[in-house]
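Colleague:
2 protein chains.
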Amino acid sequence: MELSERKKKILQYVVDDYIETAVPVSSKSLTERHLSNISSATVRNELSALEELGYLTQLHTSSGRVPSAEAYKLYVSDLMVKDKLSDKELDYIKKIFLEKADNLEEVIKNTTKIISELTSLTSVGVVSPDVGEKINVIKFFRFKPDTALVLIVTERRLLKDNYINVPESMTDEQLVEAETVLGKLCSGRSFEEICSIKDDISSEFAGYKNIFLNLVEALKVYMTVKESDVVMEGQDKILNHPEYADINKIKNFLSVVTQKDKVMTLLSGDGRDIKINVKIGTDGYEEIPDDCSLVTATYSANGVKIGTYGVIGPIRMDYQKVVAVLENVGKILESILTNR
Amino acid sequence: MELSERKKKILQYVVDDYIETAVPVSSKSLTERHLSNISSATVRNELSALEELGYLTQLHTSSGRVPSAEAYKLYVSDLMVKDKLSDKELDYIKKIFLEKADNLEEVIKNTTKIISELTSLTSVGVVSPDVGEKINVIKFFRFKPDTALVLIVTERRLLKDNYINVPESMTDEQLVEAETVLGKLCSGRSFEEICSIKDDISSEFAGYKNIFLNLVEALKVYMTVKESDVVMEGQDKILNHPEYADINKIKNFLSVVTQKDKVMTLLSGDGRDIKINVKIGTDGYEEIPDDCSLVTATYSANGVKIGTYGVIGPIRMDYQKVVAVLENVGKILESILTNR
DNA sequence: GTTAGCACTCTTTTGGGCTGACTGCTAATT
DNA sequence: AATTAGCAGTCAGCCCAAAAGAGTGCTAAC
Chain A
3 MELSERKKKI LQYVVDDYIE TAVPVSSKSL TERHLSNISS ATVRNELSAL
53 EELGYLTQLH TSSGRVPSAE AYKLYVSDLM VKDKLSDKEL DYIKKIFLEK
103 ADNLEEVIKN TTKIISELTS LTSVGVVSPD VGEKINVIKF FRFKPDTALV
153 LIVTERRLLK DNYINVPESM TDEQLVEAET VLGKLCSGRS FEEICSIKDD
203 ISSEFAGYKN IFLNLVEALK VYMTVKESDV VMEGQDKILN HPEYADINKI
253 KNFLSVVTQK DKVMTLLSGD GRDIKINVKI GTDGYEEIPD DCSLVTATYS
303 ANGVKIGTYG VIGPIRMDYQ KVVAVLENVG KILESILTNR
Chain B
3 MELSERKKKI LQYVVDDYIE TAVPVSSKSL TERHLSNISS ATVRNELSAL
53 EELGYLTQLH TSSGRVPSAE AYKLYVSDLM VKDKLSDKEL DYIKKIFLEK
103 ADNLEEVIKN TTKIISELTS LTSVGVVSPD VGEKINVIKF FRFKPDTALV
153 LIVTERRLLK DNYINVPESM TDEQLVEAET VLGKLCSGRS FEEICSIKDD
203 ISSEFAGYKN IFLNLVEALK VYMTVKESDV VMEGQDKILN HPEYADINKI
253 KNFLSVVTQK DKVMTLLSGD GRDIKINVKI GTDGYEEIPD DCSLVTATYS
303 ANGVKIGTYG VIGPIRMDYQ KVVAVLENVG KILESILTNR
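Here the protein sequences line up with chains A and B, keeping their order. Those letters in the first sequence? Residues 3 to 342, by our numbering. Those letters in the second sequence? Residues 3 to 342, by our numbering.
#1: Look at the Cβ atom of T298/B, then the Cβ atom of K281/B, and state whether they are nearer than 9 angstroms.
#2: Under 7 angstroms, CB to CB, which of the residues in the segment 238 to 253 of chain B have a partner in chain A?
#3: Please report how far the alpha carbon of V306/A lies from the alpha carbon of S70/A, in whole angstroms.
#4: Please name the residues in the segment 161 to 185 of chain B whose beta-carbon is closer than 9 angstroms to at least one beta-carbon of chain A, in chain order.
#5: In chain B, what lies closer than 8 angstroms to V155/A by C-beta?
#6: Look at I117/A and G283/A and say whether their C-beta atoms are less than 9 angstroms apart.
#7: Is the Cβ of V139/A closer than 9 angstroms to any Cβ of chain B?
#8: L5/A: which of L76/A, G66/A, S65/A sits nearest, CA to CA?
#9: Cα-Cα, which of E245/B, V227/B, K253/B, A247/B is closest to V265/B?
#10: Just to make sure I have the definition right: I need the residues of chain B whose C-beta is within less than 7 angstroms of the C-beta of S257/A. Which are they?
#11: When you compare each of N164/A, V168/A, T173/A, E175/A to A220/A by their alpha carbons, which one comes out closest?
#12: With 9 angstroms set as the bound, which would you pick, yes or no: does the beta-carbon of N216/B sit closer than that to a beta-carbon of chain A?
#13: How close, in whole Å, do the beta carbons of Q14/A and T124/A come, if the pair is a contact with beta carbons under 8 angstroms?
#14: Could you tell me which chain A residues have their CB closer than 7 angstroms to the CB of L221/B, listed as they occur along the chain?
#15: Give me the chain A residues within the contact set of L151/B, using Cβ-Cβ distance strictly less than 8 angstroms, ordered along the chain.
#16: Does any CB atom of chain A fall closer than 9 angstroms to the CB of T59/B?
#17: Who are R67/B's beta bridge partners in DSSP?
#18: In whole angstroms, what separates the C-alpha of G185/A from that of V178/A?
#19: With a floor of 4 residues, list each alpha helix (DSSP H) that falls wholly inside the segment 164 to 226 of chain A, ordered by position along the chain.
#20: Just to confirm the assignment, what range does the beta strand (DSSP E) spanning T300/A have?
#21: Exposed or buried, which one is A43/A when buried takes at least 16 other CB atoms within 10 Å?
#22: Compare the C-beta of T298/B against all C-beta atoms of chain A and say whether one is closer than 9 angstroms.
#23: For K239/B, which residues in the same chain have their Cβ closer than 8 angstroms to its Cβ, ignoring the five residues on either side in sequence?
#24: I'd like to confirm the pairing. Which residues does DSSP put opposite L307/A in its beta bridges?
#25: For a quick check, are the C-beta atoms of V168/A and L161/A less than 9 angstroms apart?
#26: Can the beta-carbon of S270/A be found closer than 9 angstroms to that of V128/A?
#27: For the beta strand (DSSP E) containing K146/A, name the first residue and the last one.
#28: Within this structure, are the beta carbons of N152/B and I140/B separated by less than 9 angstroms?
#29: Between which two residues does the alpha helix (DSSP H) harbouring K251/B extend?
#30: Where do the N-terminal and C-terminal ends of the alpha helix (DSSP H) with G127/A fall, by residue?
#31: Shorter than 9 angstroms from the beta carbon of T260/A to some beta carbon of chain B?
#32: With distance defined between alpha-carbon atoms, name the residue in P26/B, I166/B, V233/B nearest to N212/B.
#33: Check whether the Cβ atoms of L81/A and L120/A sit closer than 9 angstroms, and answer yes or no.
#34: Keeping to the same chain, check which residues put their C-beta closer than 6 angstroms to that of K115/B; ignore five residues upstream and five downstream.
#35: Measure the C-alpha to C-alpha separation of N254/B and T113/B and round it to an integer number of angstroms.
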């Protein structure tokens with residue numbers, strides 16, 4: 003069922019005001035602030051209808067109205083007016099990105115830093131796993147008799163955090179040969195493809211089957227999100243929100259937001275596209291406290307996914323700002339990474 | 003001035019009880035729990051003398067006594083009886099370390115995890131910088147026309163987070179030669195030494211002076227503590243302490259303990275030796291809130307410093323436990339890293 | 001459909017009074 | 001000279017009642 007224009011407007015004002023003040027919104031304050039042309043009694047009738055429809059709740063019979071999770075969803079999708087960032091804020095984003103953007107890891111750190119800074123919320127980010135990435139170069143570097151570091155260059159980054167076992171009997175020359183042969187096998191192919199050719203390895207590569215299998219194991223590590231791919235910033239920002247005055251709530255929130263594995267499962271779900279993704283209330287996400295929202299965006303450059311970023315905060319957060327920040331950070335980031 | 007034996011004993015009991023209960027300690031409870039042979043009035047006289055001496059304070063005229071920072075210091079250095087860990091706890095430590103100790107970074111993560119777990123406090127750790135480390139191998143890996151990844155193997159770890167610029171005109175063969183030549187120059191020498199030979203580079207190496215200078219810059223990065231060397235665990239643990247019921251205190255604490263750079267400056271100070279190091283109250287450390295303590299220990303194996311680890315928490319923390327954990331983690335860690 | 005007005009509900013604040021947990025002091029005791 | 005019993009004094013914490021304040025819902029009039 004469709005809401006009347008006036009109901010929409012009133013609901014928008016309620017959410018606006020509640021986000022701004024954190025105080026239940028009364029009919030009187032609405033007429034004073036936004037609706038001087040109609041009386042508070044009329045507004046009261048509308049409010050009580052909106053409550054009936056599930057968009058508003060009251061803490062007790064004589065308190066003002068508070069938006070429900072439903073109301074926030076409608077607000078974000080339909081009601082809210084999109085915010086613009088100031089030139090100062092845009093310059094700040096550009097400045098940070100241009101300062102240092104050597105490698106993907108650095109970029110991610112900066113991205114979450116910017117987002118947390120501009121939204122005054124806890125921000126989280128995760129690099130998309132390398133599933134579909136194409137491999138350019140593979141290199142082995144032996145640093146102990148029986149282990150070698152694996153270096154992999156893909157289109158978007160240099161992977162250098164994985165070790166494989168190599169037989170001690172293998173000479174350095176043989177390892178270089180393995181590198182050349184397996185390099186030939188892998189380059190130009192994606193992680194997925196390589197893992198799938200596991201068994202029917204042709205005779206040309208047969209001598210290096212064991213090394214290859216070890217390599218496949220190493221590749222697999224990059225195909226799922228790892229804790230080290232998760233970045234978090236500004237975990238203390240939640241304390242600036244008046245509704246988080248309760249120790250248990252804080253504890254609850256921090257127990258999610260100080261543990262990478264929890265944030266990981268949260269973010270690994272939605273890597274679909276560049277669009278903004280809003281989860282309000284639990285929405286089936288048991289990891290988030292149910293008075294929290296998670297707003298994320300997935301960025302790409304040159305058709306390659308960079309990662310998913312976003313904020314976690316109280317359900318009463320400044321969605322206008324958050325969406326504006328995520329959109330602009332995305333635009334600027336993508337343009338910087340694309341032009342080079 | 004030296005305290006009488008009885009005063010020491012009483013002060014010890016006060017600190018013991020206060021750490022246990024978080025409630026100001028009264029003369030009556032002291033006689034009931036520990037001093038049944040003397041009367042509460044006598045204890046009152048002693049308490050008031052200890053207050054005079056600056057070891058105890060009162061919140062208001064009719065409250066029990068609370069230890070001052072001075073009292074905690076004396077307690078840790080002289081008064082407290084050393085705690086022993088249970089076999090279960092010792093086994094837990096060993097289990098975790100034996101599970102995974104491939105590379106130094108992993109070990110550090112585990113160390114802080116164990117410490118936080120066993121003490122129920124926020125724990126922090128930092129790898130000691132590589133200043134005095136001797137280099138074994140240096141390797142360049144070109145992954146863009148003008149940049150190469152620098153791999154450095156030292157006695158204790160593989161460093162792989164630094165890039166240098168190389169001239170695009172340089173062929174891969176030339177780069178390999180640079181690697182061999184500079185490898186000869188550097189291997190067996192410490193970071194410090196290499197940086198100091200900067201200028202009077204002998205003719206043999208003259209052709210690679212620019213690469214060498216870039217390499218020196220890369221080395222320098224490893225000679226100071228970096229944010230990525232800092233690890234933190236259990237930032238939410240502070241919320242279990244009843245004296246941290248105040249939002250502002252929590253905010254204060256978290257603003258330190260969620261920011262790596264702040265923790266970094268805290269820890270980079272004292273890398274002297276294996277001894278336990280206790281900073282109680284501010285003690286001139288403006289980064290810590292003044293109702294907090296920082297207890298750290300620096301570990302080594304085979305004469306090589308591994309890093310500095312410790313806990314940050316309320317001044318009223320269980321020092322017996324903390325010291326016991328730090329000592330035992332150190333012993334086990336050092337023995338594991340030494341025997342191999 | 002809108003509005004003024006009033007009764008009603010519920011939270012929050014205020015303040016008094018009481019209790020209980022201490023201490024400090026004094027005078028008596030060992 | 002050190003210890004102790006006893007008592008007066010202080011202060012936080014709790015309970016309770018009363019008052020104030022903020023808002024709603026409803027009704028009757030416009």
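Beta carbons are placed, not taken as given, at the ideal position from N, Cα and C, and that holds for glycine. What you are looking at is a predicted structure, and each value in this text was computed from that prediction instead of being measured.
Modeller: Working from what's here:
#1: yes
#2: D238, L241, A247, I249, I252, K253
#3: 37 angstroms
#4: K162, D163, Y165
#5: F145
#6: no
#7: yes
#8: L76/A
#9: V227/B
#10: D238
#11: N164/A
#12: no
#13: Wrong, their Cβ atoms sit about 26 angstroms apart, outside the cutoff.
#14: In chain order: nothing, as chain A lies at least about 18 angstroms away.
#15: L153, L160, K162
#16: no
#17: V27/B, Q60/B
#18: 10 angstroms
#19: 174 to 188, 193 to 198, 211 to 225
#20: 294 to 303
#21: exposed
#22: no
#23: S118, S122, L123, T124, G315
#24: Residue identity check: residue 307/A is Lys in the sequence provided, not Leu. K307/A is bridged to S302/A.
#25: no
#26: yes
#27: 137 to 146
#28: Note on residue identity: the sequence assigns Val, not Asn, to residue 152/B. A contact, by the Cβ cut-off of 9 angstroms.
#29: 249 to 259
#30: Note, G127/A: premise wrong, no alpha helix (DSSP H); beta strand (DSSP E) at 124 to 129.
#31: yes
#32: I166/B
#33: no
#34: E235
#35: 25 angstroms
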